[in-house]
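A.B. asks: The sequence shown: position 358 = 943 (the numbering used here), numbered continuously.
Quick reminder that beta carbons are idealized off the backbone N, C-alpha and C, glycines included.
Note that the structure is predicted; figures quoted are calculated from it, not measured.
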Amino acid sequence: MSHSTPIKRAVAVAAAAVTALALGVPAAQATPPEPTLRSEAPRDLEIGSAVWGQRDLLDHDRKNPTEFQRILGAEFGSVTPENDMKWAEIHPEPDVYDFSGADAVIAFAKANRQEVRGHTLLWHSQNPDWVTEASNTWTCDEARDVLEDHVRTVVGRYAGEIYEWDVANEIFQDEWDAGGVRLRTEANPFLKACSADPVGLIGDVFRWAHEADPEALLFLNDYNAEGINAKTDAYYELAQELLADGAPLQGFGAQAHLSLQYGFDDSMRANFERFAALGLKVAVTEADVRMPLGDDGEPTTEQIALQADRYDRLLQACLDVAACTSFTVWGFDDGRSWVPGVFPEGYATIMTEGFEKKPAYFALLDGLTDATPGTSPRTPPGLNR
Ligand code: XIL
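1. Could you pull the start and end residues of the alpha helix (DSSP H) that residue 1034 belongs to?
2. Buried or exposed, going by whether 16 or more other CB atoms sit within 10 Å of the CB of residue 643?
3. Please report the distance separating the alpha-carbon of residue 900 from that of residue 661.
4. Classify residue 776 as helix, strand or coil using the three-state DSSP reduction.
5. Start and end of the beta strand (DSSP E) containing residue 633?
6. Can you determine whether any heavy atom of the ligand XIL sits closer than 7 Å to the C-beta of residue 808, and answer yes or no?
7. Are the beta-carbon atoms belonging to residue 632 and residue 912 less than 8 Å from one another?
8. Can you list, in chain order, the residues of its chain with a C-beta nearer than 6 Å to that of residue 815? Leave out the 5 residues immediately preceding and following it.
9. Taking 8 Å as the cut-off, decide whether the C-beta atoms of residue 808 and residue 840 are in contact.
10. In whole angstroms, what is the alpha-carbon distance linking residue 678 and residue 843?
11. Which of helix, strand or coil does DSSP assign to residue 670?
12. Please report how far the alpha carbon of residue 754 lies from the alpha carbon of residue 834, in whole angstroms.
13. Please report the straight-line C-alpha distance between residue 785 and residue 779, rounded to a whole angstrom.
14. Going by CA-CA distance only, name the one from 649, 663, 648 and 893 that's closest to residue 868.
15. Nearest-angstrom Cα distance between residue 717 and residue 774?
16. Would residue 957 be called buried (16 or more neighbouring beta carbons within 10 Å of its own) or exposed?
17. Please classify residue 783 as buried or exposed, where buried requires at least 16 other C-beta atoms within 10 Å of its C-beta.
18. In its own chain, which residues sit with a C-beta less than 8 Å from the C-beta of residue 947, not counting the 5 before and 5 after it?
19. Verify the contact flag: residue 842, CB atom, against every heavy atom of the ligand XIL, threshold strictly below 7 Å.
20. Comparing C-alpha positions only, which one of 928, 927, 872 and 907 sits nearest to residue 935?
21. Is residue 966 helix, strand or coil when you go by DSSP?
22. Closest by CA to residue 689, which one among 652, 646, 681 and 740?
23. Span of the alpha helix (DSSP H) holding residue 818?
24. Can you find at least 3 beta carbon pairs, one from the region 907-923 and one from the region 851-870, that sit closer than 8 Å?
25. Under three-state DSSP, which class holds residue 720?
26. Report whether the distance from the Cβ of residue 709 to the nearest heavy atom of the ligand XIL is below 7 Å.
27. Quick one: what does DSSP say residue 960 is sitting in, helix, strand or coil?
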């Protein structure tokens, strides 16, 4: 049973009554504001969405936001730049940084009193051509210099504005990849150049990021990382190794790109708990639930219900573990979702293209409304509040 619901409601009603009184309207006529994901979230959990600043925020005008921007500001307490902080966008040439998209995300977050999750610093994908080409000839020292300069520049620029950073993204292969679960020392240009000691390099990336922004919580992040499996076993070992080396690793993120084609792994809570037991924070960082659609492009009633249930289970795993700091959806509307461009599936987010709220949205809203406030101290210190 919830302790927070009556309190949240009472605060909302009281606030509405005060406003009404100030306006000279009888308090009885005051209606509380519509609940949002953000307003219902327990105080120690951020509810976030990815947003592509370059595409959707460059035209942001505080006084006249687009419908998309209005919902993004109203529903979410946190935003993740979907592409704007990736190497290819932010560092397109060796001596050229382009901060325009990332700056737009930070400015939007400030205007809406939101937190920002940084994403990402070390990844095998969305690297600029100059990195991919250079990696064929780099010595490890050369690769380290390039990476160190990048990490200090990007993390330093936004120091104090980012509460969590996905420092290393998708650094392990999957069980089904050639060679099985192991560090991506071929696909990742930096791990490739330093394949003699990839863990040493990973630890240093965390050190550089921590020096550049000591307040940000630094995460490992991956897909197929929800439950206990061969990949998360490898992460669990890596986390222990990094911590034993004194690297400032502080969190483990499960992306949670799910599909109704596959089952839901009920070991998610246990997986989060084992990382929490190492002293790490955990987070759901990129949630969406896609599905194969019929010829008409529409989901069935059953699929819609199953999707809501998946979102609910993801949220519950996070709510059940006190160390879970944030729950982020990878975009909130189907019109902007990355899914149809990459998979023969769709309907993955919590709102339709026309911003109609799906049962999945209400599953999250109800889950948050029923949640008891966590007992862990609020992390991070709420930089933008
Ligand atoms: C995706 C973006 O959503 C797309 O716009 C882009 O074209 C490709 O990358 N895992 C991640 C994210 O960590 O950065 C990816 O984002 C989705 C998978």
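C.D. replies: On the basis of the data shown:
1. Nothing about residue 1034 can be reported from this structure: the residues present for the chain run from 586 to 970 only.
2. It is exposed - the Cβ of residue 643 has fewer than 16 other Cβ atoms within 10 Å.
3. Going by the C-alpha atoms only, they are around 15 Å apart.
4. helix
5. 631-636
6. yes
7. yes
8. 760 and 766
9. Annotated as proximal: residue 808 and residue 840, with beta-carbon spacing under 8 Å.
10. 34 Å
11. coil
12. 13 Å
13. 9 Å
14. 663
15. 6 Å
16. exposed
17. buried
18. 893, listed in sequence order.
19. True, at least one ligand heavy atom lies under 7 Å from that Cβ.
20. 872
21. Per-residue confidence for residue 966 stands at a pLDDT of 39, beneath the threshold of 50, marking its modelled position as unreliable; the derived number appears in the next sentence. Here residue 966 sits in coil by DSSP.
22. 646
23. Note, residue 818: alpha helix (DSSP H), 815-829.
24. yes
25. coil
26. Not one heavy atom of the ligand XIL lies closer than 7 Å to the C-beta of residue 709.
27. In this prediction, residue 960 scores a pLDDT of 41, lower than 50, which makes its location untrustworthy; the coordinate-derived value is nonetheless stated afterwards. Reduced to three states, the DSSP call for residue 960 is coil.
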